[in-house]
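Numbering (my numbering), first residue to last: 6 to 411.
For every residue, glycine included, the Cβ atom is placed at its ideal position computed from N, Cα and C.
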């Protein structure tokens, strides 16, 4: 158990991840690898019950990514406004987006086969009407979803209510000045996440130890970003890379992008669902094998492609290095993606997650330098900052920083 400062204020903070339990209290920081043969509540209370029982339920605050989050499909009118705005809000609410659909392409768009937790429909400022037609309703009839919410032009609301069952109507996320109004949708998605937890047998018993709302971990990390300078010497603009067992997330300063979106948030989030090191290991390896520079990178690391078939510390270390490289490729101008970051303007890269327990500062600097030289043809060298205590999330778990209440 490592020493922590007194800023916890007699609270117990718990993060239930897909691979680790993490606890932060006045007694210090604890991390425990999960036993996947036990349910989450039993495993947590077995390993950490002694410290949990020292706190009242009101003083226990929990965030979790262990239930996989909410799967979301977004249907919009334009890429530059409605889809981008809704995607931005969903990501920053800790939601997993499985796909986005433009209405003009809806007839030729493939239908998701899995159950979708929530469909978000958006489009137009409030003065616009006649945006949607029968094509939307035909598409929705083919989808298996649990919830649907509309956050577009209010002139379209009566028409959509008439044709879509159980539709939730919220205020438009697009203002007449083409700015983002995000709080209503963010609150809806955050509370939907809590309802999802209450329906998961493996998770809902966590309410036996807390009387507070359980938040998604990515939402909490996003709350951490404006406070990060209280813990680390981070120079803007920066990105925070969180490499976990199932996904890799990037949280980034807004001044790293050129876009038409005006929000109150200084930071945004991207999620790469198939770049985790444990649960999505096979898809990470698949992505690596399909990157034209990876074999040169493996040679640079003095390993061969046989490393993909190994079960060893060396193999895990290599996969984590590859995850860093691949995610930098995905947000660089080298790839046409949802967001391209101005990586040559980057001053700091903060790394958190299980990666900080496996890779050294030198391991990460090696990858970053290779990326800049090979992909961007640049000698740029942003500062690498390691969240070695794996506790950066605790900054956002302060109850005063959680705007949305249960």
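Rank the options by C-alpha distance to the C-alpha of residue i and give the top, closest one.
| i | options | result |
| --- | --- | --- |
| residue 25 | 300, 95 and 70 | 70 |
| residue 52 | 60, 65, 64 and 38 | 38 |
| residue 301 | 185, 353, 62 and 380 | 380 |
| residue 393 | 357, 376, 403 and 116 | 357 |
| residue 203 | 190, 218 and 192 | 218 |
| residue 45 | 20, 345, 62 and 141 | 20 |
| residue 180 | 131, 47, 190 and 173 | 131 |
| residue 118 | 136, 92, 352 and 77 | 77 |
| residue 226 | 371, 48 and 96 | 96 |
| residue 32 | 50, 60 and 47 | 60 |
| residue 400 | 243, 121 and 223 | 223 |
| residue 171 | 120, 153 and 184 | 153 |
| residue 205 | 348, 28 and 74 | 74 |
| residue 334 | 349, 321 and 322 | 349 |
| residue 163 | 146, 148, 151 and 134 | 134 |
| residue 231 | 177, 148, 259 and 30 | 259 |
| residue 192 | 156, 210 and 169 | 156 |
| residue 245 | 253, 354 and 151 | 354 |
| residue 93 | 194, 368 and 148 | 194 |
| residue 34 | 182, 40 and 57 | 57 |
| residue 336 | 377, 323 and 367 | 377 |
| residue 182 | 257, 359 and 86 | 86 |
| residue 50 | 198, 138, 208 and 247 | 208 |
| residue 98 | 256, 312 and 345 | 256 |
| residue 242 | 382, 261 and 83 | 261 |
| residue 103 | 124, 113, 389 and 83 | 124 |
| residue 220 | 375, 23 and 66 | 66 |
| residue 290 | 332, 307 and 274 | 332 |
| residue 169 | 190, 116, 160 and 146 | 146 |
| residue 359 | 344, 398 and 373 | 398 |
| residue 390 | 346, 115, 174 and 233 | 233 |
| residue 190 | 140, 167, 79 and 121 | 79 |
DSSP has residue i in a bridge; who is on the other side?
| i | result |
| --- | --- |
| residue 20 | 27 and 68 |
| residue 33 | 30 |
| residue 356 | 246 and 391 |
| residue 155 | 126 and 174 |
| residue 179 | 185 |
| residue 38 | 25 |
| residue 255 | 246 and 275 |
| residue 150 | 121 |
Quick check on the DSSP output: the alpha helix (DSSP H) that includes residue i runs from which residue to which?
| i | result |
| --- | --- |
| residue 332 | 318-336 |
| residue 288 | 286-294 |
| residue 168 | 162-168 |
| residue 362 | Neither: residue 362 is in no alpha helix (DSSP H) and is coded neither H nor E. |
| residue 304 | 299-305 |
Around the C-beta of residue i, are 16 or more other C-beta atoms found within 10 angstroms, so that it is buried, or is it exposed?
| i | result |
| --- | --- |
| residue 200 | exposed |
| residue 396 | buried |
| residue 187 | buried |
| residue 387 | buried |
| residue 316 | exposed |
| residue 229 | buried |
| residue 286 | buried |
| residue 42 | exposed |
| residue 304 | exposed |
| residue 8 | With a pLDDT of only 45 at residue 8, under 50, the local geometry of the prediction cannot be trusted, and no value is derived from it. |
| residue 326 | buried |
| residue 216 | exposed |
| residue 176 | exposed |
| residue 6 | With a pLDDT of 42 at residue 6, under the threshold of 50, the modelled position of this residue cannot be trusted, and the question is left open. |
| residue 330 | buried |
| residue 16 | buried |
| residue 364 | buried |
| residue 293 | buried |
| residue 314 | exposed |
| residue 101 | buried |
| residue 54 | exposed |
| residue 375 | buried |
| residue 158 | buried |
| residue 142 | exposed |
Looking at the unbroken beta strand (DSSP E) that takes in residue i, where does it start and where does it end?
| i | result |
| --- | --- |
| residue 391 | 388-391 |
Measuring from the CB of residue i, is there a heavy atom of the ligand MN at a distance below 7 angstroms?
| i | result |
| --- | --- |
| residue 159 | This structure lacks the ligand MN, and indeed carries no ligand of any kind. |
Inset, instruction - Scan the region 54-139 and note each continuous beta strand (DSSP E) run of 3 residues or more that stays entirely inside, going in chain order. - result: 65-69, 76-81, 101-107 and 121-126
Inset, instruction - Please go through the region 205-245 and give each complete alpha helix (DSSP H) segment of 4 or more residues, from N-terminal end onward. - result: 206-209 and 222-229
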